[in-house]
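In full-length UniProt numbering, the protein residues as written are 1 to 650. Using N, Cα and C, we set each Cβ at its ideal position, and we do this for glycine too. Given the structure is predicted, the values throughout are model-derived calculations rather than measurements. One structure is given below, encoded as structure tokens.
Written out as structure tokens, the structure is:
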């Protein structure tokens, strides 16, 4: 089957490829054809839509003409002046179209049959998979004693000087995710033998996941590598890496590199969706060159789908999270970092939660300007209902430490809060002058709402088990069924970390209640359907702990809200203009009446939904991000210098 697949590949150009293979070539006319034949037959048989790029580095022996004469439909030749192997690979990568990019040597020293293991490593979560002659299980044939001794010494020096932990940096058989390859080679500067080391140095500094895969390797008799001469050049390049990639001097108007510390999907911690959308809208701004996301750890199979700019480096309830974040900031060297936090972001145990809250202050003290977005304050949280209660002594101690760590958070360069009364509280009680208001905002620019479902549907959304409990909503649903037996109740979401197993217990207890659906965790791509398929969004809360993202989402999708008039929910109604029907907290009769005022009157459902949609449309998160950028540009010294005409106008 290999040869027919090869014939089809060489005869018909592919519109889309998932794999690009780049071969750098310099005066390779005597040995490149067997390599191309081996690659073409082996890879075509694997069923991967692919392309082959030969990057000719100024050959004088007709290599480029020879390769072009093959006339294969999915083979391209790039010609350029001689710059070195690194320059040739860089040009080939820039021309590549694949979701995966492999570069491999023209002498096929690492047989192409090793490729499937590298592909498996990348698709299992690595950003880069490197063929390694030093990993356990590797096989080397024909390597001279001199090259073996020099290679071993260079590996030890490399780890000590650069921090690159890969055992074999120089094997010319490396597979990268396409977007990673384009980014790293765009930033790379070395054109010679040391370009592999620079690639891995940048990857290590960015926190990318690099996997070494043991491979077979055969030393080609006519290798162009001179062990002693190239080793001296390699050492010089190694020592120059920090200078070559030092953070450039800041200039007014230059785009920024921002880091965002946040819980992040598919992780299920609080504020993960907000972290996703805040990072997205920031990355779309022309003032931002790059966003690096320092996120909470998830299972490897989930992390495998992360974008290249996501670094999974801290863990809920890990006392070392602060140290891990600071180390990641040191490696990434952003111009500033935004912390997307609530008081329990780093843990539901007191010590890791408290230590994590020191991170913004420590970031500032270690040289990274920090902005902390606080979604709630200790003073406004009902600790018992939020899962941090206990006996009165422990509660008093928690309150005291809460005030201490609020002061620590105010040690950030800037602190943003989502509620005006939070700004007032921090200024009045703590004397803070570095606090500004940054409204929650709507994740997406709202599209016209979809029609209501034919069946009256109540939906509640979130993480349940402490101050968000659904028993009262289920009891209200029983009463609604007496008015309209078609009524559906959708409980969308999962347990809060403080109440594992809560929803499973509720599901068992209400098994006799008809028309109740538990969705479990709702992935980001499924959120629009959950909101659009309901008539009204219910908030069965007994307390609040911050600006409600769910209310903003209800507005985004043009849905009515039914809620208690308490805490931050009441503030949002008064300050941002959302509208709702209200009920007495924890009273199922009051909740059923409020829900029926919406379900039983399509005009009221439409009026409330339209009002909330208009509020949401008036303040998208993309506009809130502009407010952040104004503060960040001033903080980092990148605010554009006004022209004389602008100064006169001001």
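At a Cβ-Cβ threshold of 8 Å, residue 591 and residue 514 do not count as neighbours.
Runs of the alpha helix (DSSP H) lying entirely within the segment 491-546, each at least 4 residues long, are 502-509, 527-532 in chain order. Setting aside the 5 residues that flank it on each side, residue 616 is surrounded in the same chain by 442, 446, 552, 555, 556, each with a C-beta closer than 7 Å to its C-beta; the list follows chain order. Shown here, residue 310 sits in a strand according to DSSP, grouped into three states.
Distance from the CA atom of residue 285 to the CA atom of residue 23, rounded to whole angstroms, is 36 Å. Of 130, 172, 269, the smallest CA-CA separation from residue 203 is found for 130. Rounded to the nearest whole angstrom, the CA to CA distance from residue 56 to residue 64 is 6 Å. By the neighbour-count definition (other C-beta atoms within 10 Å, threshold 16), residue 69 is an exposed residue. Looking at the DSSP output, residue 181 bridges to nothing. Nearest Cα to residue 75 within the set 304, 496, 50: 50. In this structure, residue 108 keeps its C-beta atom at 8 Å or more from the C-beta atom of residue 181. Here residue 531 is not near residue 493, since their CB atoms are 8 Å or more apart.
The C-beta distance from residue 458 to residue 489 rounds to 5 Å, short enough to fall under 8 Å. In the DSSP secondary-structure assignment, residue 55 is bridged to 24, 78. Looking at the DSSP output, residue 276 shares a beta bridge with no other residue. Along the segment 342-381, the alpha helix (DSSP H) occurs as fully enclosed runs of 4 or more residues at 350-356, 359-365, listed in sequence order. With a cutoff of 8 Å on beta-carbon distance, residue 562 and residue 581 are scored as near each other.
Annotation for residue 565: 573, 582 place their beta carbon closer than 8 Å to its own, counting only its chain and skipping 5 residues before and after. For residue 102, the enclosing beta strand (DSSP E) starts and ends at 100-104. Residue burial is scored here from C-beta neighbours: residue 67 has at least 16 other C-beta atoms within 10 angstroms and is therefore classed as buried. A contact is defined here as three or more CB-CB pairs under 8 Å, and the segment 344-356 fails this definition with respect to the segment 418-426. Exclusion of the five residues before and after residue 472 leaves 540, 586, 588, 591 as the residues of its chain whose Cβ lies within less than 7 Å of its Cβ.
Shortest Cα-Cα distance from residue 536 to any of 210, 595, 280, 169 involves 595. Closest in alpha carbon position to residue 614, among 281, 558, 507, 626, is 558. Residue 15 sits exposed, since fewer than 16 C-beta atoms from the chains shown fall within 10 Å of its C-beta. Counting along the chain, residue 328 sits inside the alpha helix (DSSP H) bounded by residues 321-332. Within the segment 572-610, the alpha helix (DSSP H) runs of at least 4 residues that lie entirely inside it are, in chain order, 588-599.
DSSP, read as helix, strand or coil, puts residue 43 in helix. Of all alpha-carbon atoms in 168, 216, 214, 192, the one lying nearest the alpha-carbon of residue 200 is that of 168.
Taking the CA atoms as reference points, residue 497 sits about 39 Å from residue 116. Residue 254 sits in coil when the DSSP states are folded into three classes, being neither helix nor strand. Here DSSP, grouped into helix, strand and coil, assigns residue 462 to strand. By the Cβ neighbour-count rule, residue 634 is exposed, with fewer than 16 other Cβ atoms within 10 Å of its own. Residue 415 sits buried, since 16 or more C-beta atoms from the chains shown fall within 10 Å of its C-beta. Going by C-alpha positions, residue 95 is about 16 Å away from residue 73.
Listed in chain order, the non-local C-beta contacts of residue 205 below 6 Å within the same chain comprise 331, local neighbours out to five positions each way being set aside.
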